[in-house]
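Let me begin by presenting the structure, written as C-alpha cells, before commenting on it.
2 protein chains.
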Amino acid sequence: MLALLFFNMKIVIIGSGNVATVLGRKLFLAGHTIVQIFARNPTRATILAAELNATSCSTWNAINKTADFYLVALADNALEELSNHLLLNHQLIAHTAGAVSKEVLLGISSNYGVFYPLQSLRKEMKETPPISIIIEGSNKKAVQQLQNLAKSIASPVEELEEQQRLQLHLAAVFVSNFVNHLYVQAEKYCTTHQLNFKKLLPLIIETANRLQTYTPTSVQTGPAARFDTVTIEKHLALLQPETQLLNWYQLFTKSIQQQ
Amino acid sequence: MLALLFFNMKIVIIGSGNVATVLGRKLFLAGHTIVQIFARNPTRATILAAELNATSCSTWNAINKTADFYLVALADNALEELSNHLLLNHQLIAHTAGAVSKEVLLGISSNYGVFYPLQSLRKEMKETPPISIIIEGSNKKAVQQLQNLAKSIASPVEELEEQQRLQLHLAAVFVSNFVNHLYVQAEKYCTTHQLNFKKLLPLIIETANRLQTYTPTSVQTGPAARFDTVTIEKHLALLQPETQLLNWYQLFTKSIQQQ
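Below is the structure:
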C-alpha cells in the first residue's frame, strides 16, 4: 500500500521546454499525477498542461504548494534565481541540470536534489529513446525518493556526487555536442560537393551502435590509425580549398597517430 | 532465365580480411556461388573458404580463371601491385577500396570497376549492419553488372565517379574515424575519473539515430551552441590538468560558436 502510494506522486513541473515536456510525459505515462505546469509563457504552460491532464500557471504565486514533488527543468541561469520566487513546505524538489549544484535549491525546501537525464531530449520526438538518470539528494530520504521516481521512468539510474556528475556532463559534451559538430562539418562538405549526407547514415549509426559490443579504442580504424600516408595525402589534396576542414583533418590525424 | 543466371554469379574473392569476409558472406547468402578464396595466408584462406563452401588458394597461379566476378578486398598498397600477378579473360573484377582509382585494375581485364561498401565491417559481427555500396565501372556493361551484384546485398547502391567517391570517403572519415576518436577521448576521461563510459551509450546512440529525422545543424545543442559561459568555465576548470582534452574542448567550442 505504501509502495503504491509512493509510486503515484503528485508532481508540479516547472518549465515547458524539451526536458520538462519529455520527462513530464514519461512521469505521466508511468502513472504519476501531474498536478500543475508552471511556465513564464502562459501559452506554453497551457499546451503542456492540456497534454498531461494538469492545470497551468505562469506566476510564481500561483504555484500549487500541496504536491509531493517539484521537478524544475529551467535554463541554468534561471535556476540561480529560483529561491527568490519559491518556498516549499519540505516537499521534494529537484532540478534537471547536469552542470548546476543542487545547492541552488537550498532555502526552497529541506528535501532537494538533482534529477539529471543523460540524454538528448526533444519534445517533437514520437518515441523517447532510453534515458539514464543521474540523481543526487540533500539527505537519504531525498535520495531514496529521487531514485524511486527515476526508476519509474529510466534505466540505469545512478547516484553521483556533484563533481562526478559534472565530469559525466563534460564527457557527454564530447560524445554528443562535439560529435554532432563533426556531423555538421561533414554535412556542409557533402552539400558543397553535391553529395547526399544521408548516404553516410548507415555508417554513422553503426559507428555508434558497435560501442555496445566493442570499446572505442579497439575499433579505431581509418587512414590515420593505419598510418596510410597515400590516402591521407589524397584527402589533404581534396581539402586544400577548405581551410577549416583541413585543420580538423590534420588535428584528428595527428591525435589518432599519437595514441 | 537470363536474370536467374545473372543473379547466381560464380565469384572468386581475393582477400580474407574484414571486408572480404563480410561481403563474401553476404554474397553467399544472396545465392551467389563463391568458387574460391585467395589469401596470402593459407590458414585464413582455408577458414573463410570452409565457411563459404569454396576452395582456397594462396598462390597467384592457382587462382581459378573461370569465374564470372573477382572481388578484390586487399589493402590499398597491395592493389597497386595486383596487375603484376593476375590476368583475366575479360571477366568482371572490382576492388572495394574507397580511395583507390579503378584504373589500378586496368590490364587485368577489360571489365573492371569499384565495389566500395560505405560501412564499418568487422568479421566478428554476428549481424551485419545495413550497407550502402558505391560502384564505378570501366564500361556500361561493367556498371550494370556491378549494380546488380551490389543490389543483391546492399541498399542504397549508387554509381559515383572517382572524385565524388573520394569525397564521400573523406566525409566518412569525419563521421566515423574522427567521431570514434572523440569516443576514445571521452572513454579515457571517464576511466581516469572512475566513471563508466557505458553510461553514455544511450546518448551516443541517440545522437546518431536522431539524424534519421533531423539535420545535424538543426540539433546542435550544448553549452557552446547556447553561449553558456558559466558551464563552459566549469568544464574548462575541470579540464585544467588534461591539456589535450582542454585543447579539443576549446577548439570545438570556438568552432561551434562561429557557426
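Residue numbers (this note's numbering), protein chains in the order written: chain Z, 1 to 259; chain D, 1001 to 1259. Even for Gly, the Cβ is constructed at its ideal location relative to N, Cα and C.
Closest to D:Thr-1096 by CA distance: which of D:Lys-1065, D:Ser-1132, D:Arg-1040 is it? D:Ser-1132
Beta-carbon proximity check, D:Glu-1187 vs D:Phe-1178, cutoff 9 Å: no
Counting pairs of Cβ atoms below 8 Å between the segment 1200-1219 of chain D and the segment 1246-1254 of chain D, do you hit three or more? no
Comparing the C-beta of D:Gly-1015 with each C-beta of chain Z, is any distance below 9 Å? no
D:Arg-1025 CB to nearest chain Z CB: under 9 Å? Any Cβ of chain Z closer than 9 Å to the Cβ of D:Arg-1025 would place that residue at the interface, and such an atom is absent.
What is the DSSP secondary structure of D:Tyr-1070, counted as helix, strand or coil? strand
Give the residues of chain D in contact with Z:Ser-132, contact being defined as C-beta atoms less than 9 Å apart. Lys-1199, Leu-1200, Leu-1201, Pro-1202, Leu-1203
For D:Leu-1157, count the other beta carbons within 10 Å of its own beta carbon; 16 or more makes it buried, fewer makes it exposed. Which is it? Looking at the sequence itself, residue 1157 of chain D is Val, so the reference to Leu does not match. By the neighbour-count rule (16 or more Cβ atoms within 10 Å), D:Val-1157 is buried.
Spell out whether any CB of chain Z is found under 9 Å from the CB atom of D:Phe-1174. yes
I need the DSSP call for D:Val-1012, collapsed to helix, strand or coil. strand
Tell me whether D:Asn-1269 sits in a helix, a strand or coil according to DSSP, three-state version. Not covered by the structure: residue 1269 of chain D. The range shown for chain D is 1001 to 1259.
Which whole-angstrom value is the C-beta distance of D:Val-1072 and D:Ile-1014, which I expect to be below 8 Å? 5 Å
Cβ closer than 9 Å: which chain D residues qualify as neighbours of Z:Cys-190? The contacting residues are Gln-1167, Leu-1168, Ala-1171.
What whole-angstrom Cβ distance do Z:Gly-98 and Z:Ala-172 have, given they're in contact under 8 Å? 7 Å
Would a check of beta-carbon distances place D:Ile-1153 closer than 9 Å to chain Z? no
DSSP state of Z:Ser-109, grouped into three classes? strand
Could you tell me the alpha carbon to alpha carbon distance between Z:Leu-52 and D:Thr-1243, rounded to whole angstroms? 47 Å
In terms of alpha-carbon separation, which member of Z:Leu-48, Z:Val-230, Z:Leu-87 lies closest to Z:Thr-66? Z:Leu-87
Going along chain D in order, which residues have a C-beta closer than 7 Å to the C-beta of Z:Leu-238? Leu-1166, Gln-1167, Leu-1170
Which same chain residues, not among the five before or five after D:Asn-1064, have their C-beta less than 7 Å away from its C-beta? Val-1012, Val-1035, Gln-1036
Where does D:Glu-1242 sit, in a helix, a strand or coil, going by DSSP? coil
Go to Z:Thr-46, then tell me how far its alpha helix (DSSP H) extends in each direction, as first and last residue. 42-51
Distance, D:Thr-1229 Cα to D:Lys-1254 Cα: Those two C-alpha atoms are separated by around 12 Å.
Let me see if you follow: with CB-CB separation under 9 Å, is D:Ser-1120 close to chain Z or not? yes
Nearest candidate by alpha-carbon position, reference D:Gln-1194, set Z:Leu-168, Z:Lys-141, Z:Lys-26: Z:Leu-168
Using a Cβ cut-off of 9 Å (strictly closer), state whether D:Glu-1187 contacts chain Z. yes
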